[in-house]
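Residue numbers (my numbering), protein chains in the order written: chain B, 5 to 165; chain V, 5 to 165.
Protein chains: 2
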Amino acid sequence: MTDHAHAFCCPDHSGAAPAEAILAQAEARARARGARLTPVRRRTLEILLEAHGALGAYDVLEKLAAEGYGTQPPVAYRALNFLVEHGLAHRIRRLNAFTACTHPGEDHRAAFLICAQCNSVTEATAPELSRALHAAARTAGFTIECSTIEALGRCSACTPA
Amino acid sequence: MTDHAHAFCCPDHSGAAPAEAILAQAEARARARGARLTPVRRRTLEILLEAHGALGAYDVLEKLAAEGYGTQPPVAYRALNFLVEHGLAHRIRRLNAFTACTHPGEDHRAAFLICAQCNSVTEATAPELSRALHAAARTAGFTIECSTIEALGRCSACTPA
DNA sequence: GCCTTGACTGTTATGATATAACAACAGATA
DNA sequence: TATCTGTTGTTATATCATAACAGTCAAGGC
Ligand SMILES: [Zn+2]
Ligand SMILES: [Zn+2]
Ligand SMILES: [Zn+2]
Ligand SMILES: [Zn+2]
């Protein structure tokens with residue numbers, strides 16, 4: 005499990021309310037792009053939303069399998085990749101894991117803040133950051149297609165006051 | 005092979021000269037930190053420096069093994085992790101690969117520009133970028149310990165004029 | 001001198017992550 | 001109906017990474 009059991013660690017998951025709103029947004033976004041949020045895909049997104057922190061593909065697979073979906077790795081990877089391609093989830097490379105996008109619909113270039121203590125992953129929208137990266141790339145004559153920004157450290161809940 | 009054979013693709017490797025300078029810097033830096041740049045470790049760094057683009061651990065292992073060093077994965081991973089820990093190499097997470105640091109000695113937080121066409125990896129020092137990331141984190145009450153910034157796209161050599 | 005210690009290198013074995021290739025099916029379309 | 005496309009599922013395999021243990025060697029204490 006890439007997950008963890010700690011309570012009240014993830015600011016974004018302190019209430020269950022936003023999950024439904026995010027699912028509705030996701031549904032709308034998928035439809036708008038001509039993509040189908042099929043049962044496995046939707047359930048995969050729900051699983052990510054239910055999780056505190058990011059989940060590994062095999063963690064997701066375990067849950068899907070237990071619910072009667074396919075039992076083999078491609079089932080999870082396909083659903084996860086679909087979600088990532090459509091901006092409904094993000095891949096956290098440092099963790100070899102995935103997390104639901106906390107604000108789908110917006111066209112965002114986010115940075116991920118990974119808490120080394122409670123494993124929570126916070127998605128920080130940072131337009132300035134994106135701008136700085138593009139500027140640095142331009143200086144090198146490099147054209148960015150996509151980027152990954154991840155930081156490891158302590159979240160606010162895990163930082164002693 | 006994570007490597008590639010394309011000629012004149014990597015601006016940083018167009019001449020062989022800098023490699024020796026970097027090795028000398030690396031040696032100095034290691035000694036200054038009380039670390040030993042042993043034969044395997046040094047050779048591993050050389051292998052990374054000789055490579056265009058980043059190399060996977062098993063690519064490095066293959067070369068080490070061919071030269072009489074150990075033949076098993078831990079040999080490569082240990083040397084690579086040593087180099088990363090001492091700032092002499094970097095891990096490129098998107099590629100599951102490693103690249104030599106092109107300017108060891110400086111205490112830098114770099115961004116990596118990965119060319120999707122020629123596989124070259126350019127290390128861009130970007131103080132503003134680092135500053136923006138720390139600012140974004142601070143807003144979220146997050147304290148950064150270390151960070152990863154990687155961009156995928158086209159390098160200058162692979163961009164049609 | 002000789003023994004202990006700690007860092008280093010090598011091994012075997014295993015674990016964790018990810019994809020290729022193929023078969024079956026369902027809804028859309030002509 | 002026949003066909004096409006996208007989706008799901010499977011088996012098998014590839015790729016990346018680490019745990020645990022054994023042998024080597026040089027430095028420092030006795
Ligand atoms: Zn997002
Ligand atoms: Zn935390
Ligand atoms: Zn560097
Ligand atoms: Zn290129």
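Idealized CB from N, CA, C, for every residue including glycine.
How many Å lie between Phe-146(B) and Gly-60(B) at the Cα? Distance from the CA atom of Phe-146(B) to the CA atom of Gly-60(B), rounded to whole angstroms, is 32 Å.
CB contact check: Arg-98(V) to chain B, cutoff 9 Å: yes
Determine the chain B residues that contact Thr-163(V) at a beta-carbon separation under 9 Å, and present them in chain order. Gly-145, Phe-146 and Thr-147
Find the residues of chain V that neighbour Thr-106(B), judging by a C-beta separation of less than 8 Å, and give them in chain order. Residues of chain V whose Cβ lies closer than 8 Å to the Cβ of Thr-106(B) do not exist; the shortest such Cβ separation is about 12 Å.
Using the three-state DSSP reduction, which class does Ala-165(V) fall into: helix, strand or coil? Three-state result, Ala-165(V): coil.
Output yes or no for whether 9 Å exceeds the beta carbon distance between Ala-180(B) and Thr-48(B). Any answer about residue 180(B) is impossible in this case: the structure gives chain B only from 5 up to 165.
Following the continuous beta strand (DSSP E) through Thr-126(B), name the residue where it begins and the one where it ends. 125 to 129
Relative to ligand 6, is the shortest distance from any of its heavy atoms to the C-beta of Arg-158(B) smaller than 8 Å? This structure does not include ligand 6; its bound ligands are ligand 1, ligand 2, ligand 3 and ligand 4.
Range covered by the alpha helix (DSSP H) that runs through Thr-48(V): 43 to 54
Leaving out five residues before and five after Arg-45(B) in sequence, what residues of the same chain have Cβ atoms less than 7 Å from its Cβ? Result list for Arg-45(B): Ala-83, Phe-86 and Leu-87, in chain order.
Within 10 angstroms of its Cβ, does Asp-63(B) collect 16 or more other Cβ (buried), or is it exposed? It counts as buried.
Does Thr-103(V) have its Cβ less than 9 Å from a Cβ in chain B? no
Cβ of Ala-140(V) within 9 Å of any chain B Cβ: yes
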